[in-house]
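Chains as they are written, first to last, in the working numbering: chain A, 687 to 1152; chain B, 14 to 218.
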């Protein structure tokens, strides 16, 4: 038998029924539910008169439409209050575990899931959120679904899925100073394009990936969807098992040992074949930042804003020219030195403890530049508490940052928290789409270190120069 | 679910790469609204100017295209967020078909859950359709039974679609209903899996 990839092994283990033509009825091991889509799906299933098939495998928390203001309650953002209450009520009715505001467990679903050990290697996991691919960093097959599929999965604990093609991206070598997983993945998307991963499950491998912490791996997998792939994953290894040991919902004792033994069989076999292979020299990747309105508009921070008129493809040319107009930028100029108004440190991409440490390392002993509004929004209640225990909140507050409560906040702008129209923000989030951070907001995606560098200088700045 | 067989009508060209689902429907429009109520907000950032007035330069604000049931788009249409509201906003604006060289994976799948047909054609063919439709009076025919798009000039453009999706759309089948019929297979899988992977089934133990 030919070798199998990590993806194949997880997929094959979950086939309930073969539907033909590469389609399968696939078992789903875990659901994460959030306020924006979770309550709607639970209402839908109730309306259909169907029970939630396995509520013990589902976990819910409000994140999208909650305020991140210090001292917030569910009522702080009025339009989100009903969504919060609906998710809470429906979770209680159906027996789904719900982590409320202020409780350990509340936070951005893709921060909460890993930190509580809900996400495990080899499981299938879904959520009504495209960044569910984040959880592939632990070796899970995790993907985002729309409302209809969410309802389907709650009712049947399965989904009808077509087997995707398989791509492997190897990041080889060591990252240079000031360069991390966010730069690696933005660089890759800039190189291959925002639809390169469409129809693929992408496995990230190579020495630079092995060297990443779990939090770094989650960041890398998070942007798979911005490459076009709804699934991104990394083989589990000792780093993974050490991370999971002792977490609240991870297996314990002999069960953990037995699980690890099984997980050790998951990594891709040496003779497995992928449909597409890519290789990136990690040492050659610079701190990376976006200039436009697609994550593929990514360049090295010491690079020049490209001229979309040079694009061969007319649709990309049209999109690039519209992006430059929207962003208020001119081609041919260095991106570094562009004045900024806002900095947002947060989101399911970069709001974990290691991200906050990275940013704090740059901020310590410096001040937020005049005219810049800078926010830090921890990804979860746990991250907030841990960061405060080691004094990171003081570092940020002393420098002039706002230190806030856990949630999606300004990444998704579904909670009243927005970058003002026309204002330019360096954000550690994942999408620079038109209006993503608020109507007219101009977003430059970057790493936590680069966002911190922008905050203290007031311009897009190469963090290696600080 | 609504079935889809043959559709003939005006096709609106929106030929730009990477139109994301945030552009199709802003997230705020999805809170406190029913799917039907999302229609007026489709393509909000393109449709309206900063002062709230319609942008006359946007194709869907132009008379022949306002009610277009077919949209022609660039690469990677519907990329980004998984929000099914993007499909709802199109559907309740009267659209039944989007033709593009490629689609975001999640958006593509959600179309089939709502009776919309996403058609993948090579970029050169979509561009030809866009040129022929630019005046607004031309009609495009999309025939799911024969798996072909017929351009205003009569060019037949065959497209591929998986049989399982084609059948479901032609018949207007509901996925949940189909899967519930497999309940025994699901129960058998779960019983086996509880033995093989007990750690999956008892979170925290």
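Cβ coordinates follow ideal geometry from the N, Cα and C atoms, glycine included.
Below 8 Å between beta carbons: does that hold for residue i and residue j?
| i | j | result |
| --- | --- | --- |
| residue 986/A | residue 972/A | yes |
| residue 827/A | residue 1028/A | no |
| residue 759/A | residue 787/A | yes |
| residue 1161/A | residue 852/A | Because chain A is modelled from 687 through 1152, residue 1161/A falls outside the range shown and cannot be assessed. |
| residue 1045/A | residue 1135/A | yes |
| residue 1066/A | residue 792/A | yes |
| residue 81/B | residue 147/B | no |
| residue 709/A | residue 807/A | no |
| residue 727/A | residue 840/A | yes |
| residue 114/B | residue 88/B | yes |
| residue 105/B | residue 170/B | no |
| residue 1048/A | residue 975/A | no |
| residue 707/A | residue 177/B | yes |
| residue 991/A | residue 1023/A | no |
| residue 14/B | residue 143/B | no |
Rounded to whole angstroms, what's the CA-CA distance from residue i to residue j? Just pull it up for me.
| i | j | result |
| --- | --- | --- |
| residue 843/A | residue 43/B | 26 Å |
| residue 200/B | residue 210/B | 15 Å |
| residue 836/A | residue 907/A | 21 Å |
| residue 816/A | residue 96/B | 8 Å |
| residue 900/A | residue 923/A | 10 Å |
| residue 1147/A | residue 869/A | 14 Å |
| residue 93/B | residue 38/B | 12 Å |
| residue 773/A | residue 1069/A | 23 Å |
| residue 1/B | residue 124/B | Any answer about residue 1/B is impossible in this case: the structure gives chain B only from 14 up to 218. |
| residue 876/A | residue 909/A | 12 Å |
| residue 197/B | residue 203/B | 10 Å |
| residue 637/A | residue 747/A | Nothing can be reported for residue 637/A: it is not among the residues displayed for chain A, which extend from 687 to 1152. |
| residue 834/A | residue 126/B | 6 Å |
| residue 911/A | residue 940/A | 36 Å |
| residue 882/A | residue 915/A | 8 Å |
| residue 1137/A | residue 218/B | 40 Å |
| residue 854/A | residue 880/A | 16 Å |
If you compare alpha carbons, which of the options is closest to residue i?
| i | options | result |
| --- | --- | --- |
| residue 133/B | 149/B, 108/B, 174/B | 174/B |
| residue 1010/A | 814/A, 886/A, 1129/A, 1141/A | 1129/A |
| residue 805/A | 897/A, 931/A, 871/A, 780/A | 931/A |
| residue 891/A | 915/A, 790/A, 920/A, 783/A | 920/A |
| residue 1103/A | 1087/A, 1124/A, 849/A | 1124/A |
| residue 103/B | 71/B, 48/B, 62/B, 118/B | 48/B |
| residue 984/A | 887/A, 1151/A, 872/A, 936/A | 872/A |
| residue 168/B | 179/B, 189/B, 145/B | 145/B |
| residue 110/B | 178/B, 121/B, 83/B | 83/B |
| residue 45/B | 849/A, 718/A, 764/A, 719/A | 764/A |
| residue 782/A | 977/A, 887/A, 725/A, 898/A | 725/A |
| residue 756/A | 784/A, 1021/A, 1090/A | 1090/A |
| residue 695/A | 825/A, 929/A, 1006/A | 825/A |
Residues in its own chain within less than 7 Å of residue i by CB, not counting five upstream and five downstream?
| i | result |
| --- | --- |
| residue 713/A | 700, 702, 810, 843, 844 |
| residue 1126/A | 1107, 1108 |
| residue 18/B | 157, 158, 183 |
| residue 795/A | 718, 720, 747, 749, 813, 815 |
| residue 649/A | Only positions 687 to 1152 of chain A appear in the structure, and residue 649/A is not among them; the question remains open. |
| residue 954/A | 691, 692, 889, 921 |
| residue 741/A | 780, 781, 782 |
Below 8 Å CB to CB, which residues in the same chain sit around residue i once its five sequence neighbours on both sides are set aside?
| i | result |
| --- | --- |
| residue 74/B | 60, 67, 68 |
| residue 172/B | 132, 133, 134, 160, 161, 162 |
| residue 21/B | 152, 153, 154, 155 |
| residue 117/B | 33, 34, 89, 90, 91, 92, 93 |
Residue i: beta carbon under 7 Å from a heavy atom of the ligand MG?
| i | result |
| --- | --- |
| residue 708/A | The ligand content of the structure shown is nil, which means the ligand MG is not present either. |
Ordered along the chain, which non-local residues of its own chain (more than five positions away) have a Cβ less than 6 Å from that of residue i?
| i | result |
| --- | --- |
| residue 1093/A | 749, 752, 754 |
| residue 1042/A | 1073, 1078 |
| residue 1098/A | 750 |
| residue 1060/A | 1029, 1054, 1087, 1141 |
Check whether chain B comes within 8 Å of residue i, counting only Cβ atoms and requiring the distance to be less than that.
| i | result |
| --- | --- |
| residue 707/A | yes |
| residue 804/A | yes |
| residue 795/A | no |
| residue 901/A | no |
| residue 742/A | yes |
| residue 789/A | no |
| residue 961/A | no |
Say whether chain A places a C-beta atom closer than 8 Å to the C-beta of residue i.
| i | result |
| --- | --- |
| residue 132/B | no |
| residue 78/B | no |
| residue 54/B | no |
| residue 193/B | yes |
| residue 62/B | no |
Which residues in chain E sit within 9 Å of residue i, going by Cβ to Cβ distance?
| i | result |
| --- | --- |
| residue 156/B | The displayed structure is made up of protein chains A and B, and chain E is not among them. |
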